[in-house]
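UniProt numbering puts the first residue of the sequence shown at 1, with every later residue one more than the last.
For glycine and all other residues, C-beta sits at the position ideal for the given N, C-alpha and C.
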Amino acid sequence: MRTKPDPSAPAQIKTSDALPAPARRRLSGKERERTIVEEAVKFFAEVGFDGDTRELARRLNVTQPLLFKYFPNKASLVERVYQEVYVGRWNSYWEEIIADRRIPLQERLTRLYCDYAKTALTWDWVRLFMFSGLRGEAINQRYLSFLRSRILEPVAIEMRAELGLPGPDVVPLDLQEIELVWGINARVFYYGQRRWIFNVPLESSVEELVQLTIEHFIAGARAVVPRIIQAHAGAKPSPPG
Numbered sequence: 001m002r003t004k005p006d007p008s009a010p011a012q013i014k015t016s017d018a019l020p021a022p023a024r025r026r027l028s029g030k031e032r033e034r035t036i037v038e039e040a041v042k043f044f045a046e047v048g049f050d051g052d053t054r055e056l057a058r059r060l061n062v063t064q065p066l067l068f069k070y071f072p073n074k075a076s077l078v079e080r081v082y083q084e085v086y087v088g089r090w091n092s093y094w095e096e097i098i099a100d101r102r103i104p105l106q107e108r109l110t111r112l113y114c115d116y117a118k119t120a121l122t123w124d125w126v127r128l129f130m131f132s133g134l135r136g137e138a139i140n141q142r143y144l145s146f147l148r149s150r151i152l153e154p155v156a157i158e159m160r161a162e163l164g165l166p167g168p169d170v171v172p173l174d175l176q177e178i179e180l181v182w183g184i185n186a187r188v189f190y191y192g193q194r195r196w197i198f199n200v201p202l203e204s205s206v207e208e209l210v211q212l213t214i215e216h217f218i219a220g221a222r223a224v225v226p227r228i229i230q231a232h233a234g235a236k237p238s239p240p241g
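In structure tokens, the structure reads:
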């Protein structure tokens, strides 16, 4: 005896009538490359530059040969990470504010380093920089050389101008003057180390700490820079203005 279908029962959907799974969008070459770079930044910041590209490919859900289609070797990928994080995030405003003598130097430096900290004290920036130094990658040397020419030497020159001292065309910059400015960067970067390396929270805001750092630098430079120039030039410099 045939059983009549129950009209109240839900209709059975035939397999042939089921909706197909949505097609996975195929990434363009540029999109794929961008995805690889973004994941590589996170990957190396997490595990360091000894991280295996096989693991990176697994995280990207691609094959290693596909990874090497865009970056022929690990060194080229590390280079791209450097360009992405350190060159790509450089802000020309930092160089412009240093040279703007309409603003007192202490205020200029406070603005500069408060803005710089927003970029340089991030998780990936700090950790990549530390891993690079530990592994002997060239990222540190290249970036620090770039930083010296774009920030440190200009700040040293502006410090002389602030004090009414001879410019570098009269008395060349002394290494000790540049070391003084290095002290600002070292101290600011340490705030990032405390957070992202040592996991020790800051007890004041970064802005407050930067302001204190710059005040400390200016006060010390007023006492020390004239003496450095005097020793370097072999003659007494003009008195501070």
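Within 8 Å, strictly: CB atoms of residue i and residue j
i	j	result
Thr119	Arg89	yes
Ala156	Ile178	yes
Leu109	Tyr191	no
Asp115	Trp94	yes
Ala117	Val210	yes
Arg135	Phe49	yes
Ile228	Pro154	no
Supposed close pair residue i, residue j - CB separation, criterion 8 Å
i	j	result
Tyr82	Ile139	5 Å
Leu56	Leu66	Rounded, the Cβ-Cβ distance is 11 Å, inconsistent with contact.
Residue i - containing alpha helix (DSSP H), residue span
i	result
Val87	Premise fails: Val87 is in no alpha helix (DSSP H) and is neither H nor E.
Val188	Leu175 to Trp196
Leu128	Trp123 to Arg135
Glu33	Gly29 to Val47
Asn140	Ile139 to Leu147
Val210	Val206 to Ala233
Thr119	Leu105 to Ala120
Arg101	Here Arg101 belongs to no alpha helix (DSSP H), and DSSP marks it neither H nor E.
Ile157	Glu153 to Leu163
Phe68	Gln64 to Tyr70
Glu55	Thr53 to Leu60
Spatial distance of residue i from residue j (CA atoms)
i	j	result
Ser16	Leu27	A caution first: Ser16 carries a pLDDT of 49, below 50, which makes its placement in the model too unreliable to give a value.
Val225	Val85	34 Å
Glu96	Leu112	9 Å
Val47	Ile214	34 Å
Ala221	Asn73	46 Å
Gln106	Leu212	11 Å
Leu165	Asn61	60 Å
Gly29	Arg101	46 Å
Ala223	Ala161	15 Å
Thr53	Arg32	16 Å
Pro201	Gln193	10 Å
Ala233	Pro104	26 Å
Thr63	Glu207	44 Å
Met159	Phe217	10 Å
Asn91	Arg58	34 Å
C-beta neighbour in chain E for residue i, strict 8 Å
i	result
Val170	Chain labels in this structure do not include chain E; a single protein chain is all it has.
Are three or more beta carbon pairs between the stretch 63-80 and the stretch 32-51 nearer than 8 Å?
Taking 8 Å as the limit for Cβ pairs, the verdict is that the stretch 32-51 does touch the stretch 63-80.
Does the structure place the stretch 118-136 close enough to the stretch 165-172 that three or more beta carbon pairs sit under 8 Å?
No: the two stretches stay apart, fewer than three of their Cβ pairs being nearer than 8 Å.
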